[in-house]
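Take a look at the structure set out below.
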DNA sequence: TGCCGTTATGCCAGATGTGCATACCCTCGG
DNA sequence: CCGAGGGTATGCACATCTGGCATAACGGCA
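Chains as they are written, first to last, in the numbering used here: chain A, 452 to 758; chain B, 452 to 758.
This is the structure:
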């Protein structure tokens, strides 16, 4: 009698039992499983020992399942099948053949870049399925970390996590500053960073837009002063309220100029060094063809936009 | 590098990976799994080889899952958990602790016996769940064979399958004959089998009520003649139509006398030997406590009915 | 009774997995 | 700058498991 303690390989014995019951014969099942009949016979005995009950009614013309055997088939067949398909999918994924790309992006920032890139992707790889998730930079990074996203289209915030993932800089935008309409700067065509020295800065919550404040700080430092954040708010719209009510300023990526916000004026910053990088992050590990294709498409779109 | 060909034990390695990812450390996971860290480390390598991709990002402070690792967790955890609960349920079942009894019965025949028996069962084992299935004798037997039923409450038809399962005779009813109201026999208080000699018999489809015709034939033979089946119909109600329209007769278990059917009269058969056995079949193998309880309850009810 | 099918058992060789000891790598702190 | 202490990987020897081969045991059937 084979040993009972052997929990490993239980799954295989269950598969074997499924085959045996399908065939109604240990012999024929052994052929299908490419092992010998004695080996299979012992597997069945082992399985019965492990479960503590008979699974097969041995008869002179073959075997047929007992009630317990039937119960096992009903309970285990779907699991075994699910296991197999899951395994196959994982293998495909490991080989780099993803059937689905999950992309995180920030609508206001990335739409102009993402839409044409996806069009390109659909042309070169029409079969790949896309899941788009409009979420904040922080959520994107968390999503990447949790494996729920394959891509993050993200701004300057992404540099804080760039070493955890693959990354590519897509483009570099100029910077603008948001001031209240009533501000003396609001009438200017453009300004330099230096002129912001001594102003009250409005910060944004580190949790939602990580790295933004540090980026602003670094920019100011390059201009020779240290910004003073009088208040830190969460949510970009709250920043604008504060800009108006407190006559504060805040540094923003250039694409905000196209937006309208009552009471707020966006003035371009003329400093050469004041740039806002827009980057894409994606999971490390073997890159699938579709992954590479999406990165390429994004780079092309970015290049065309710069030109 | 460990061998790649080893498909057996894949499941265990997947479980191990789940633990490793939960713990974020091969070391701690090894403790939980009661194996050494090197063994577990090798399991992870083996798993990665089998899948063909990296699952863990090894860092100096432990490990964290790659995208593929995350995907594996998402796909496999529910399967592993389902597998475990299924296995536990099967073990319980093997030990004879069924949580549910699936009973097949024929409403018209068994109701008078089943209802009180279930009441008794509920008293002695209130926690056992019951699934009742009103189905034809043939369906009941098929259900038993397919493992979809634990019990079949069945008449004479059951004897054809009695050796495949455990069986017990519950009671033995007298027999009656169905004749048309216009028949000369319809006025009789009772008759003997012999008087049916030469009559046209209505048979019933072997598929739906297996053994019924054979039972009738055997009864007649014991009375010294061979019945002639002029027609075989499917469904018991069709039998009555034929009895009326063809002036045929048919032998039935005694409980039909309580039924009403327009144009049909049921006359008791007085022969001592003409009996209709009512039996219960149940799955072979270790009988659970609830199984034994139900059988006992049925026997008691039958005994009370006979008294 | 002998033949042919079935499943079960004894025995041996090869594959697999584990533990132990140790190597290796990185970070942190003196 | 180097050693301590945390992590994971590797070399090696040994126990365990599993499968194949040969053969037994058993039941039906001519």
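We treat Cβ as the ideally placed atom computed from N, Cα and C, and that holds for glycine.
Computed from a prediction, not measured in an experiment: that's the story for all the values here.
| Query | Result |
| --- | --- |
| When DSSP labels each residue in this structure, what does residue 707(A) get in the three-state scheme? | helix |
| Tell me which residues share the same chain as residue 454(B) and place their Cβ nearer than 6 Å to its Cβ, disregarding the 5 neighbours each side in the sequence. | For residue 454(B), the predicted structure reports a pLDDT of 49, less than 50, and the residue's modelled location is therefore unreliable. A value from the coordinates is still provided. For residue 454(B), where only same-chain residues beyond five positions count, there are no Cβ hits under 6 Å. |
| Could you tell me which residues DSSP pairs with residue 631(B) in its beta bridges? | 715(B) |
| Can you tell me whether residue 507(A) is buried or exposed, with buried defined as 16 or more other CB within 10 angstroms of its CB? | buried |
| Please specify which runs of the beta strand (DSSP E), each continuous and at least 3 residues long, are wholly inside the segment 646-694 of chain B, giving them in chain order. | 651-655, 679-684 |
| Mind pulling the chain A residues with CB within less than 9 Å of residue 517(B)? | 598, 734, 735, 736 |
| Assign residue 626(B) to one of three DSSP states: helix, strand, or coil. | strand |
| Would residue 700(B) and residue 630(B) qualify as a contact pair, given that the criterion is a beta-carbon distance under 8 Å? | yes |
| Which term fits residue 649(A), buried or exposed, when burial requires 16 or more other beta carbons within 10 angstroms of its beta carbon? | exposed |
| Do residue 552(B) and residue 716(B) have their beta-carbon atoms positioned less than 8 Å apart in this structure? | no |
| How would you list, in chain order, the residues of chain B whose beta-carbon sits under 7 Å from the beta-carbon of residue 537(A)? | 526, 527, 530 |
| Where residue 477(A) and residue 746(B) are concerned, what is the direct C-alpha to C-alpha distance, given to the nearest angstrom? | 34 Å |
| What do you reckon, are the CB atoms on residue 514(B) and residue 471(B) nearer than 8 Å? | yes |
| What residues in its chain sit with their C-beta under 6 Å from that of residue 585(B), if we drop five residues either side in the sequence? | 558 |
| Out of 721(A), 707(A), 573(A), point me to the one whose CA is closest to residue 563(A)'s CA. | 707(A) |
| Would you mind working out which of 622(A), 520(A), 498(A) sits nearest residue 764(A), comparing C-alpha positions? | An answer regarding residue 764(A) cannot be provided, because it is not within the stretch 452 to 758 covered by chain A. |
| So within the segment 456-507 of chain B, which uninterrupted alpha helix (DSSP H) runs reach at least 4 residues, ignoring any that extend past its ends? | 461-474, 477-484, 488-502 |
| Run through chain B and tell me which residues come within less than 7 Å of residue 522(A), C-beta to C-beta. | 541, 544, 598 |
| For residue 551(B), which residues does DSSP report across the bridge? | 580(B) |
| Am I right that residue 730(B) and residue 620(B) are in contact with their C-beta atoms under 8 Å? What's the rounded C-beta distance? | 5 Å |
| When the Cα atoms are used, what is the spatial distance from residue 474(B) to residue 480(B)? | 6 Å |
| Taking a contact to mean a Cβ-Cβ separation below 8 Å, would you say residue 523(A) touches residue 541(B) in this structure? | yes |
| Would you tell me roughly how many angstroms separate the C-alpha atoms of residue 456(A) and residue 500(B), rounded to the nearest one? | For residue 456(A), the predicted model reports a pLDDT of 48, less than 50, meaning its position is unreliable; a value from the coordinates is still stated below. One C-alpha to the other measures close to 27 Å. |
| Look at the alpha carbon of residue 651(B) and the alpha carbon of residue 616(B), and state the distance between them as a whole number of angstroms. | 35 Å |
| Any beta-carbon of chain A closer than 8 Å to the one on residue 556(B)? | no |
| Checking contacts by CB at 8 Å: is residue 705(B) closer than that to chain A? | no |
| Could you check how far apart the C-beta atoms of residue 609(B) and residue 600(B) are, in whole angstroms? I think they sit under 8 Å. | Residue 609(B) to residue 600(B), Cβ: 12 Å. No contact. |
| Relative to the C-alpha of residue 426(B), which candidate in 750(B), 509(B), 744(B) has its C-alpha closest? | Nothing can be reported for residue 426(B): it is not among the residues displayed for chain B, which extend from 452 to 758. |
| Can residue 739(B) and residue 549(B) be called in contact, C-beta distance under 8 Å? | yes |
| Ignore the nearest five residues each way along the sequence and tell me which others in residue 571(B)'s own chain have a CB closer than 6 Å to its CB. | 748 |
| For residue 678(A), which residues from the same chain have a beta carbon less than 8 Å from its beta carbon, with the 5 sequence-adjacent residues on both sides left out? | 647, 650, 652, 667, 668, 671 |
| Roughly how many angstroms lie between the CA atoms of residue 686(A) and residue 518(B), to the nearest whole one? | 30 Å |
| Do residue 614(A) and residue 719(A) have their C-beta atoms within less than 8 Å of each other? | no |
| Taking residue 721(B) as the reference, give the member of 505(B), 626(B), 498(B) with the closest Cα. | 626(B) |
| Rounded C-beta distance between residue 530(B) and residue 534(A)? I'm assuming under 8 Å. | 5 Å |
| Could you check which residue in 674(B), 511(B), 492(B), 544(B) has the C-alpha nearest to that of residue 726(B)? | 674(B) |
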